[in-house]
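Scroll down for the structure; my scribbles are underneath it.
Protein chains: 2
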Amino acid sequence: MNDIKKMGRPRTFDEKQALLKAMNTFWAKGYDGASLKDLTKAMGISGPSMYAAFGDKRELYLKTIDLYADVDACEPVVIFETEPDIAKAVKGFLQAVIHYAVSRENGAQGCYLASCAIANIDEVEGVAERLDKAIHDTDTRLAARFDLEKQKGNLPSDFPSINRARLMYDMRQSYMFRGRAKWSKATLEEDLDYRVKMIISSS
Amino acid sequence: MNDIKKMGRPRTFDEKQALLKAMNTFWAKGYDGASLKDLTKAMGISGPSMYAAFGDKRELYLKTIDLYADVDACEPVVIFETEPDIAKAVKGFLQAVIHYAVSRENGAQGCYLASCAIANIDEVEGVAERLDKAIHDTDTRLAARFDLEKQKGNLPSDFPSINRARLMYDMRQSYMFRGRAKWSKATLEEDLDYRVKMIISSS
DNA sequence: TTAAATATATATCGATCGATACATAAATGC
DNA sequence: GCATTTATGTATCGATCGATATATATTTAA
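For the record, the sequence lines run as chains A and B.
Counting in numbering that gives the first Met the number 0, the final residue of the first sequence is number 202, and the numbers go up one at a time with none missing.
Counting in numbering that gives the first Met the number 0, the final residue of the second sequence is number 202, and the numbers go up one at a time with none missing.
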């Protein structure tokens with residue numbers, strides 16, 4: 000539906016692929032630590048191409064944050080939303096988080112928001128609102144699944160969905176933090192079952 | 000005992016005070032975002048004085064990390080170690096953490112390690128080992144209090160001290176994260192009692 | 001009083017920063 | 001065809017980066 004030919008010389012690179020490369024560069028070096036040279040080299044494009052496509056360094060950064068929040072960080076959430084059994088869903092979520100936390104490429108371990116974006120929350124305009132939205136969106140999305148289980152009668156009617164959703168998100172951030180600090184998958188999984196219990200316990 | 004007069008012109012500034020100012024600057028702007036101009040202005044000294052006293056920018060950064068780990072971040076831990084009742088100790092720890100997370104000066108909210116240092120873990124040599132040590136030291140210190148309570152008979156003999164210590168530290172990091180993301184003290188305290196209960200629950 | 005030692009202030013270094021001017025290449029519209 | 005539009009590659013801008021050379025000020029040792 001949207002394949003109307005545009006005028007002018009066509010792009011020779013894929014915007015999303017370039018954004019992913021930029022994200023990994025920011026992730027490893029930080030906003031100020033990642034130079035335009037670093038970024039354009041990783042993206043495989045020239046400086047002027049970057050500016051034409053994304054605006055400037057700050058806008059590029061904000062777009063990588065949007066990409067992360069909308070796409071990259073969602074896999075564990077999807078697992079949580081699709082696994083039928085709620086206990087298994089919680090455990091599957093945390094397992095996916097742990098796997099994600101330790102298995103990204105060099106220098107980009109952990110959570111992009113928690114280990115990169117948050118460092119510039121007051122320095123780079125636009126970061127704060129995106130971070131706040133990402134946290135609330137995830138909290139809400141996780142709570143929605145708990146609410147669904149309450150309707151089904153699989154969780155008690157007084158189950159505090161939003162509080163447990165926040166707790167679950169906090170567990171995610173904790174694993175991400177230790178993952179970036181080079182903790183092993185095995186060590187992170189040690190206390191997994193108790194944490195699952197803590198999340199779905201009703202009182 | 001250590002007031003032997005040194006030769007040469009004496010320092011006109013206090014090293015620790017200058018380090019604290021440098022830490023706040025790094026905290027707000029990040030390692031690469033904080034320029035020597037920013038740093039020396041905040042520290043109230045000239046460039047050459049900074050280099051003479053601390054080496055270079057990287058060494059200054061590492062020294063601020065040491066200062067944070069050894070001094071600045073310890074207040075909630077001390078509360079945890081000194082409050083006689085273990086349940087109150089856990090709650091007091093988390094309350095102190097929440098207070099700390101939201102009440103630092105502009106741009107320096109949250110945990111210095113989690114919102115600044117960790118961003119440069121692979122970029123700045125020496126950060127990774129300090130971060131790893133700080134996490135392990137805190138985990139161990141928290142676990143020691145649980146072990147003490149086990150000896151006293153206030154906690155069951157099979158209480159998993161190190162796992163609960165890690166959980167407690169993770170709760171700390173979570174509050175710090177949301178504190179930096181501008182969450183209010185009241186909101187952070189909402190689910191406090193449940194978290195305390197789960198930290199000291201024995202099964 | 002002089003020499004040695006350490007800290008300070010000013011001025012400035014080459015390198016790199018983010019960003020852009022310009023000419024050229026490759027597509028569409030007519 | 002030719003004009004228009006958009007993207008690319010090269011070369012480079014002024015500003016700022018981290019770091020230092022130099023001269024001066026202030027202390028102790030003798």
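Ideal Cβ placement from N, Cα and C applies to all residues, glycine included.
Q: Return helix, strand or coil for residue 84 (chain B), following the three-state DSSP convention.
A: Position 85 of the second sequence holds residue 84 (chain B). If DSSP states are grouped into helix, strand and coil, residue 84 (chain B) belongs with coil.
Q.
Pop quiz: residue 138 (chain A) and residue 165 (chain A) are said to be a contact at Cβ under 8 Å. What is the actual Cβ separation, rounded to whole angstroms?
A. For the purposes of this step, residue 138 (chain A) is taken as residue 139 along the first sequence, with counting starting at 1. For the purposes of this step, residue 165 (chain A) is taken as residue 166 along the first sequence, with counting starting at 1. About 5 Å separates the two Cβ atoms, so the contact holds.
Q) What separation, rounded to the nearest whole angstrom, lies between the Cα atoms of residue 5 (chain B) and residue 14 (chain B)? A) As a position in the second sequence, residue 5 (chain B) is number 6, starting the count at 1. As a position in the second sequence, residue 14 (chain B) is number 15, starting the count at 1. Approximately 16 Å between the Cα atoms of the pair.
Q | Cβ-Cβ distance between residue 209 (chain A) and residue 53 (chain A) below 8 Å | A | It is not possible to answer for residue 209 (chain A), since the shown part of chain A is limited to 0 through 202.
Q: Would you tell me roughly how many angstroms separate the C-alpha atoms of residue 186 (chain A) and residue 8 (chain A), rounded to the nearest one?
A: What you label residue 186 (chain A) is simply residue 187 of the first sequence in a count that begins at 1. What you label residue 8 (chain A) is simply residue 9 of the first sequence in a count that begins at 1. Going from the Cα of residue 186 (chain A) to the Cα of residue 8 (chain A) covers about 52 Å.
Q: Consider the Cβ of residue 173 (chain B): report whether some Cβ of chain A lies at a distance smaller than 8 Å.
A: Working through the second sequence from its first residue, we reach residue 173 (chain B) at position 174. For residue 173 (chain B), the closest Cβ of chain A is nearer than 8 Å.
Q. So is residue 14 (chain A) in contact with chain B if we call contact Cβ pairs under 8 Å?
A. The residue labelled residue 14 (chain A) in the question sits at position 15 within the first sequence. By this cut-off, residue 14 (chain A) is not an interface position.
(Q) Run through chain A and tell me which residues come within less than 7 Å of residue 179 (chain B), C-beta to C-beta. (A) To locate residue 179 (chain B), count along the second sequence from 1; it is residue 180. The contacting residues are 117 and 120.
Q) Which whole-angstrom value is the C-beta distance of residue 117 (chain A) and residue 179 (chain B), which I expect to be below 8 Å? A) As a position in the first sequence, residue 117 (chain A) is number 118, starting the count at 1. As a position in the second sequence, residue 179 (chain B) is number 180, starting the count at 1. Between the beta-carbon of residue 117 (chain A) and that of residue 179 (chain B) there is about 6 Å, and that keeps the pair under the 8 Å contact cut.
**Q.** Inter-residue CB distance, residue 195 (chain B) and residue 89 (chain B) (contact presumed, cutoff 8 Å)
**A.** Counting from 1 along the second sequence, the entry for residue 195 (chain B) is found at position 196. Counting from 1 along the second sequence, the entry for residue 89 (chain B) is found at position 90. With a contact defined as Cβ atoms closer than 8 Å, residue 195 (chain B) and residue 89 (chain B) qualify at about 5 Å.
Q: Please list the segments of the alpha helix (DSSP H) lying wholly inside the region 140-182 of chain B, counting only runs of 4 or more residues, in order along the chain.
A: Listed in chain order, they are 160-179.
Q) Taking only beta-carbon atoms, is residue 114 (chain B) less than 8 Å away from chain A? A) On the second sequence, residue 114 (chain B) is found 115 positions in, with the first residue counted as 1. For residue 114 (chain B), the answer is yes, since a Cβ of chain A falls inside 8 Å of its Cβ.
Q: Please name the residue in B:197, B:21 and B:155 whose C-alpha comes closest to that of residue 49 (chain B).
A: The count along the second sequence starts at 1 and reaches residue 49 (chain B) at position 50. Of the candidates B:197, B:21 and B:155, the one whose C-alpha sits nearest the C-alpha of residue 49 (chain B) is B:21.
Q: Please check if any C-beta of chain B sits within less than 8 Å of the C-beta of residue 103 (chain A).
A: Sequence index remark: in the first sequence, residue 103 (chain A) carries index 104 (1-based). Closer than 8 Å: no.
Q: Mark residue 144 (chain A) as exposed unless 16 or more other C-beta atoms lie within 10 angstroms of its C-beta, in which case mark it buried.
A: Here the question's residue 144 (chain A) lines up with position 145 in the first sequence. Under this definition residue 144 (chain A) is a buried residue.
**Q.** Within chain A, partners of residue 162 (chain B) - CB distance below 8 Å
**A.** For the purposes of this step, residue 162 (chain B) is taken as the residue at position 163 of the second sequence. By Cβ distance, chain A contributes 189, 190 and 193.
Q: Could you check what DSSP says for residue 120 (chain B) in three-state terms: helix, strand or coil?
A: Here residue 120 (chain B) corresponds to residue number 121 of the second sequence, with the count starting at 1. Secondary structure at residue 120 (chain B): coil, using DSSP grouped into helix, strand and coil.
Q) What three-state label does DSSP hand residue 97 (chain B) in the structure shown? A) As a position in the second sequence, residue 97 (chain B) is number 98, starting the count at 1. It is helical.
(Q) Taking 8 Å as the threshold (C-beta atoms), are residue 100 (chain B) and residue 174 (chain B) in contact? (A) By one-based count along the second sequence, residue 174 (chain B) stands at place 175. By one-based count along the second sequence, residue 100 (chain B) stands at place 101. Yes, the Cβ-Cβ distance between residue 174 (chain B) and residue 100 (chain B) is below 8 Å.
(Q) At the level of alpha carbons, what is the spacing between residue 110 (chain B) and residue 103 (chain B)? (A) Your numbering for residue 110 (chain B) matches position 111 in the second sequence. Your numbering for residue 103 (chain B) matches position 104 in the second sequence. Roughly 10 Å separates the two Cα atoms.
Q: Just the C-alpha distance for residue 86 (chain A) and residue 78 (chain B), rounded to the nearest angstrom, thanks.
A: As a position in the first sequence, residue 86 (chain A) is number 87, starting the count at 1. As a position in the second sequence, residue 78 (chain B) is number 79, starting the count at 1. Rounded to the nearest angstrom, the two C-alpha atoms are 35 Å apart.
(Q) Taking the alpha-carbon of residue 201 (chain B) as reference, which of B:183, B:188, B:149 and B:189 has the nearest alpha-carbon? (A) Stepping through the second sequence from its first residue, residue 201 (chain B) is reached at position 202. Nearest option by C-alpha distance: B:149.
Q) For residue 33 (chain B), which residues from the same chain have a beta carbon less than 7 Å from its beta carbon, with the 5 sequence-adjacent residues on both sides left out? A) Translated into positions along the second sequence, residue 33 (chain B) becomes position 34. Once the five neighbours on either side are set aside, the close Cβ partners of residue 33 (chain B) are 24 and 25.
Q: Starting from residue 27 (chain A), find everything on chain B with Cβ-Cβ shorter than 9 Å and list it in chain order.
A: Against the first sequence, residue 27 (chain A) aligns to sequence position 28. Proximity of chain B to residue 27 (chain A) at the Cβ level (cut-off 9 Å) is accounted for by 121 and 122, in chain order.
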